[in-house]
Amino acid sequence: MNDLSYPETGASATGQLPDGYNHVTHRVRIGYGRAALEVAGAAILGWRMHRLAGVRIDADAEEAAPGLAVRCAIGIGPLRAGAPNRVLRTETGPDRYGLTYGTRAGHLAGGEETFRVEMGPDKAVWFTVTAFSRPVALYARLAGPILPLAQQAFARRCGRVLAHIAADAG
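Per the working numbering, the very first residue in the sequence shown carries number 13; after that it's consecutive.
See the structure below:
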């Protein structure tokens, strides 16, 4: 089902971000060892990271899977901004977990995000967000630099959330 609102499908997972979009790349160490990796991976794939970062998630499954439609929403009451997405791919170990989702019609931006945790040979666990987007809705275009700044802030917030989750695993 190709109902995505942009043509460069899969680019955030490869790191080859397309021109003409705002780019976000955020990488932070969140812990050490297999337990930290696995709980952080489960938090990404099971939407816990998103929820603890303040995002309301409505999906037909408790775990991300390719093809799954998911509606993310941020804000309060009538100021809540809905964001329809579709999961494009997931990664499930042994040393890397993650998901990529892309925007669908009705999203205030067009583009995609990849959220990934991976464990290096030194057992350090790293969280990376790679994203590209550009405003689609008129009010998002009028917001100017606010949308990219908010996306960068969200990436940092996700990293802090996963660091807390990983610390509890130790």
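No residue lacks a Cβ here, since even glycine has one placed at the ideal position from N, Cα and C.
E50 carries a helical assignment under DSSP once its states are collapsed to helix, strand and coil. In its chain, beyond the 5 residues on either side, M131, K135 have a beta carbon closer than 8 Å to the beta carbon of R46.
Straight across, the Cα-Cα distance linking Y113 with L16 is about 10 Å.
CA-to-CA, the gap between A85 and P106 works out to about 31 Å. Of the candidates T21, R108, R63, T21 places its Cα closest to the Cα of G79.
In this structure the region 140–147 does not lie against the region 46–62, because fewer than three pairs of beta carbons, one per stretch, are closer than 8 Å.
In the structure shown, A181 falls within a helical segment according to DSSP collapsed to helix, strand and coil. The alpha-carbon of G32 is positioned some 37 Å away from that of Y44. Counting other Cβ atoms within 10 Å of its Cβ, N14 stays below 16 and is therefore classed as exposed.
Remark: C-beta atoms of I56 and G110 approach each other more closely than 8 Å. Your pair L100 and V129 does not check out as a contact, with CB atoms roughly 18 Å apart and the cut at 8 Å. Of the other Cβ atoms in all chains shown, fewer than 16 fall within 10 Å of the Cβ of E74; this residue is therefore exposed.
Counted as a single uninterrupted DSSP element, the stretch harbouring A76 is not any beta strand (DSSP E), since DSSP gives it neither H nor E. Residue burial is scored here from C-beta neighbours: R98 has at least 16 other C-beta atoms within 10 angstroms and is therefore classed as buried.
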